[in-house]
Amino acid sequence: MTMFAKPVACAAFLIVSGLAPLHAQEVVAPSAVSFTDMGGIETSLTGTPGDVAAGAELMNKGSGNCIACHKVTALSDLPFHGEIGPPLDGVATRWDEAQLRGIVANAKKTFPGTIMPAFYHTGPYVRPGDAFTGDAAKGDVAPLLSAQDVENVVAYLMTLDTYPE
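Mature numbering (1 follows the signal peptide of the UniProt record, and there is no 0) puts the sequence shown at residues -24 to -1, 1 to 141.
Dropping the structure here:
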């Protein structure tokens, strides 16, 4: 056997046996996201399951910072829960995974008048009033969250299936 024959034979065995995917799912770019009529995103943006712990971390930090606007009883040890958005307790009983993915990616697809930012969107952005005197960024800008961050937040939100007593 040549030096390439063994790896090729191994890969062929894994594919034929179903132990390896034929191809890995590529990350869906923000501009290529397909929303349902109700604003949901039916398929994963990455093909990789979300990490609940990483999603909980994003709820309080960086570009996620969900608790700045939303109350989450499960995260009551963290300070400064907001009251602008609805509480997220029981959110997994109100929306399914596809709907939550769509809301996190771009809530305006589900709630057109919302002030919640689009976390997986690159533009164009429109300045909402005269108070904004500077020019809006030209072209696309980086999304607030990566595709995997969106999946992680959704995985965490899917654990919020009860209401506090």
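The C-beta atom is built at its ideal place from N, Cα and C for all residues, glycine as well. No experiment lies behind these values; they were computed from the predicted model shown.
Extent of the continuous alpha helix (DSSP H) to which I79 belongs: For the purposes of this step, residue 79 is taken as the residue at position 103 of the sequence shown. Its alpha helix (DSSP H) spans residues 73 to 82.
Got a sec? Which residues, its chain only, sit under 8 Å from G99 by beta carbon, not counting five neighbours each side? For the purposes of this step, residue 99 is taken as residue 123 along the sequence shown, with counting starting at 1. Hits under 8 Å: A113, G115, D116, V117.
Which two residues bound the contiguous alpha helix (DSSP H) that contains A123? The residue given as residue 123 occupies position 147 in the sequence shown. That run of the alpha helix (DSSP H) goes 123 to 133.
Helix, strand or coil for T69 per DSSP? Position 93 of the sequence shown holds residue 69. If DSSP states are grouped into helix, strand and coil, T69 belongs with the helices.
Below 8 Å on the Cβ atoms is my guess for T22 versus V3; work out the distance and round it to an integer in Å. As a first step, residue 22 is located in the sequence shown; it is residue number 46 there, counting from the start. As a first step, residue 3 is located in the sequence shown; it is residue number 27 there, counting from the start. Confirmed, about 5 Å.
Indicate whether V130 and V48 have their beta-carbon atoms separated by less than 7 Å. By 1-based counting over the sequence shown, the position of residue 130 is 154. By 1-based counting over the sequence shown, the position of residue 48 is 72. No.
N-terminal and C-terminal residue of the alpha helix (DSSP H) that L34 is part of: Your numbering for residue 34 matches position 58 in the sequence shown. 28 to 34 is the extent of the alpha helix (DSSP H) around L34.
Between W71 and C45, what straight-line distance do the alpha-carbon atoms span, to the nearest angstrom? Position 95 of the sequence shown, counting from 1, holds the residue named residue 71. Position 69 of the sequence shown, counting from 1, holds the residue named residue 45. For W71 and C45, the distance between alpha carbons rounds to 19 Å.
Have a look at F87 and P93 and give me their C-alpha separation to the nearest angstrom. By one-based count along the sequence shown, residue 87 stands at place 111. By one-based count along the sequence shown, residue 93 stands at place 117. When rounded, the distance between both Cα atoms is 11 Å.
Taking all protein chains shown into account, do 16 or more other C-beta atoms lie within 10 angstroms of the C-beta of G16, making it buried, or fewer, making it exposed? For the purposes of this step, residue 16 is identified with residue 40 of the sequence shown, where counting begins at 1. Counting Cβ neighbours within 10 Å, G16 comes out buried, since at least 16 surround it.
Distance, Cα to Cα, M127 vs A8? Along the sequence shown, read from residue 1 onward, the residue named residue 127 stands at position 151. Along the sequence shown, read from residue 1 onward, the residue named residue 8 stands at position 32. Note that residue 127 corresponds to Glu in the displayed sequence, not to Met. Cα to Cα, the separation comes out at about 16 Å.
Taking all protein chains shown into account, do 16 or more other C-beta atoms lie within 10 angstroms of the C-beta of Q75, making it buried, or fewer, making it exposed? Taking the sequence shown and counting its residues from 1, one reaches residue 75 at position 99. With 16 or more other Cβ atoms within 10 Å, it is buried.
Option nearest N41 by Cα separation, candidates S10, I60, G89, T24: Here the question's residue 41 lines up with position 65 in the sequence shown. Nearest option by C-alpha distance: I60.
Given L64, which residues of its chain have a CB within under 8 Å of its CB, disregarding the five upstream and five downstream residues? Within the sequence shown, numbered from 1, the residue matching residue 64 stands at position 88. Only C42, H46, K47, V48, L133, L136 meet the Cβ criterion.
Among T90, S10, Q1, A30, which one has its Cα closest to the Cα of D125? The residue you call residue 125 lines up with position 149 of the sequence shown. Of the candidates T90, S10, Q1, A30, the one whose C-alpha sits nearest the C-alpha of D125 is A30.
Cutoff 7 Å; reference V28; Cβ partners in own chain excluding five residues on either side: Along the sequence shown, one-based indexing puts residue 28 at 52. So the qualifying residues of the chain are A131, Y132, T135.
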